[in-house]
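Protein chains: 2
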Amino acid sequence: MIIDRLIDKINQMNNPTVVGLDPQMEFVPKGMSVLEFNTKVIDAIYDIVPAIKLQIAFYEALGLVGLEVYKQTIAYAKEKGMVVIADIKRGDIASTAQAYANAHIGERGDFCADFATINPYMGSDTVKSWLDNCKIYGKGVFVLVKTSNAGSGDFQDLIVGDKPLYEVVAQRTAEWGADMVGNHGYSTVAAVVGATHPQQLADLRAKLPHTFFLVPGYGVQGGTSADIRYAFDKKGGGAIINSSRGIITAHQNPEYEGLGFEEAIRDATLTMRNDLRSVLS
Amino acid sequence: MIIDRLIDKINQMNNPTVVGLDPQMEFVPKGMSVLEFNTKVIDAIYDIVPAIKLQIAFYEALGLVGLEVYKQTIAYAKEKGMVVIADIKRGDIASTAQAYANAHIGERGDFCADFATINPYMGSDTVKSWLDNCKIYGKGVFVLVKTSNAGSGDFQDLIVGDKPLYEVVAQRTAEWGADMVGNHGYSTVAAVVGATHPQQLADLRAKLPHTFFLVPGYGVQGGTSADIRYAFDKKGGGAIINSSRGIITAHQNPEYEGLGFEEAIRDATLTMRNDLRSVLS
């Protein structure tokens, strides 16, 4: 099961980090192509980071050329043994949902990753194709439960009966994944839970013992390792923390001045790893 | 304003129909490419239908080749004077939202359409980039308010205070579009409201006098013209009805046997137009 492979890699590397490859043009050094940028980042970190997350929006913004880079980056990261998370937040009905699932966590195809992030707003039936593909092709999903942005409360925090909407979604997510729990006790149907809400992280961790968390919001978005430790279980497992800009702009950060591109990226990654280790030990 | 252009075209053609170009492979006659299929559909209808809606999932499922067809289909439909709606249901935060908005309703680029459908689940701040692009580039959006699928009630119908969640989203949608109301009294910030819920259509129509509706669910999904008439205002305006499979599989429908590909597509389109006219007159 892909969730077991992810957890095994996290354990081997003792590093619950996923690096977000969201290449905005201003991050890319002059004279370097976006594909080169991505390749160099992967080269700098693949032996110390278990997974990479590609935010497809930044590739779509570059049109067909961008999506060619997206395809090649996925292929390269897989070649290097990394687990690949497609951050696509898709959600749609019936045959459309199936088309998206086949595109992103299907059997093969240009864009097929190991995991995809999905948006549950349209309802359970829109999630079914994704669950089917998880089973058929050994893939995984991260369901948007509680996001890290300031406005995430607008709808996600609205009270439904006796609990906020995101908790209803969280419970559904646990149900959807109940028959896909792997060897480590976590389901391949996982959840996105933002790092900017430590109390909510702690509540959800307690209520969803078999749901693995992808936690955005560390670093640039304001989440600290002290905040995100609530995402983890007692053994320090059950979550992976994303950092995008904090890592992939390290070469522009005065803190890493004097280092080459790859060295700066690697140093920032090690700093984050050590920060996470410090709260998990 | 793009909403005025859409409404003008609907009025000129006396046809509030948008045809969904969702080319699943089994719809495409042997020996025809997907691009040819799309081109022939557009040729068959562009003088009687104001707008076309492309469901990007079916193009993503074909990978880079599919997205090349997506790009060329948008260009061809624009060349033929049609309003192009990108059915992409994107939703994400901050710079990611901006990247998506630039990709799909930006100034230019491979995938730029006139309108995009967007998913509001992540909150108001995630909608802002779309609104900005509407203003800067004269584009429009359709916000997912109440979808047409059977499971749409799972979250959208949950009661928040004294009303269902979709009504909260509907009110927000009206607020987001309040400063972008065009000459016909409708905002360029529009809403998706499914045809399978006539009572909800009627309620929302009454509550949102300046919000234009895109209504999926007619035909194959079970919505009839009797159901969808509640989407319209007293003058028969304020909505456009989508049909995808009902139109683009007409050449496989025994009802249109003996007709050529383009004739069958056109006949099905005229049948739908006349059905809509019958309830609007």
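So the protein sequences, as listed, match chains E and R.
Residues in the first sequence are numbered from 21 upward in steps of one, following the numbering used here.
Residues in the second sequence are numbered from 21 upward in steps of one, following the numbering used here.
Ideal Cβ positions, reconstructed from N, Cα and C, are used throughout, including at glycine.
7 Å Cβ cutoff, Lys-109/E in contact with chain R: yes
Helix, strand or coil at Asn-262/E according to DSSP, with G and I counted as helix: strand
Of the listed residues Gly-214/E, Lys-73/E and Ile-22/E, nearest to Lys-155/E (C-alpha basis): Ile-22/E
Chain R contact residues for Asp-24/E, given Cβ-Cβ distances below 7 Å: Residues of chain R passing the Cβ test: none, with the nearest at roughly 28 Å.
Touching by the beta-carbon criterion (3+ pairs, under 8 Å), the segment 226 to 239 of chain E and the segment 55 to 70 of chain E: no
Lys-166/E and Val-209/E closer than 7 Å at C-beta: no
Option nearest Asn-153/R by Cα separation, candidates Gln-176/R, Pro-184/R and Tyr-120/R: Tyr-120/R
Inter-residue spacing [alpha-carbon to alpha-carbon] between Ala-170/E and Gly-111/E: 22 Å
With 16 other Cβ atoms within 10 Å as the buried cut-off, status of Lys-183/E: exposed
Selection from Tyr-79/R, Gly-158/R and Glu-80/R that minimises the alpha carbon distance to Val-103/R: Gly-158/R
Short Cβ contact (7 Å threshold) for Pro-229/E with Val-189/E: no
Endpoints, the beta strand (DSSP E) within which Thr-37/R is located: 37 to 41
Cβ pair Val-54/E, Val-48/E closer than 7 Å: yes
Nearest-angstrom Cα separation, counted from Gly-256/E out to Gly-126/R: 43 Å
Ser-53/R at chain E interface by Cβ criterion, 7 Å: no
Amino acids of chain E, ordered along the chain, whose beta-carbon sits closer than 7 Å to that of Gln-75/R: Thr-116
Runs of beta strand (DSSP E) wholly within the segment 162 to 231 of chain E (minimum 3 residues, chain order): 207 to 213
Alpha carbon of Ile-113/E to alpha carbon of Leu-178/E, nearest angstrom: 24 Å
Chain-ordered residues of the segment 166 to 182 of chain R with a beta carbon less than 8 Å from chain E: Thr-167, Ser-168, Asn-169, Ala-170, Gly-171, Ser-172, Gly-173, Asp-174, Phe-175, Gln-176, Leu-178, Ile-179, Val-180 and Gly-181
Beta-carbon proximity of Tyr-96/R to Leu-87/R, cut-off 7 Å: no
Proximity to Arg-265/E [Cα-Cα], best of Ala-284/E, Ser-172/E and Ile-248/E: Ala-284/E
Nearest residue (CA-CA) to Gly-243/R, options Gln-220/R, Asp-42/R and Ala-226/R: Gln-220/R
DSSP-derived helix/strand/coil call for Gln-272/R: helix
Contact check, Ile-65/R vs Thr-289/R, beta carbons under 7 Å: yes
Start-to-end residues for the beta strand (DSSP E) that takes in Gln-75/R: 71 to 75
6 Å Cβ shell around Asn-203/R - same chain, five flanking residues per side excluded: Asp-24
CB contact check: Ile-113/R to chain E, cutoff 7 Å: yes
7 Å Cβ cutoff met for Asp-253/E and Pro-218/E: no
The segment 137 to 161 of chain R: positions lying closer than 8 Å to chain E by Cβ: Asn-139, Pro-140, Tyr-141, Met-142, Gly-143, Ser-144, Asp-145 and Thr-146
CB contact flag (Ala-117/E, Thr-137/E, <7 Å): no
Interface partners of Ile-120/R on chain E, CB under 7 Å: For the sequence presented, residue 120/R should be read as Tyr rather than Ile. Neighbours of Tyr-120/R on chain E, chain order: Ala-77 and Glu-80.
Any C-beta of chain R under 7 Å from that of Asp-247/E: no
Residues in the segment 214 to 229 of chain R having any Cβ partner in chain E nearer than 9 Å: none
Residue interval of the alpha helix (DSSP H) (run including Val-61/E): 54 to 65
Euclidean distance between Cα positions of Gly-205/E and Lys-29/E: 15 Å
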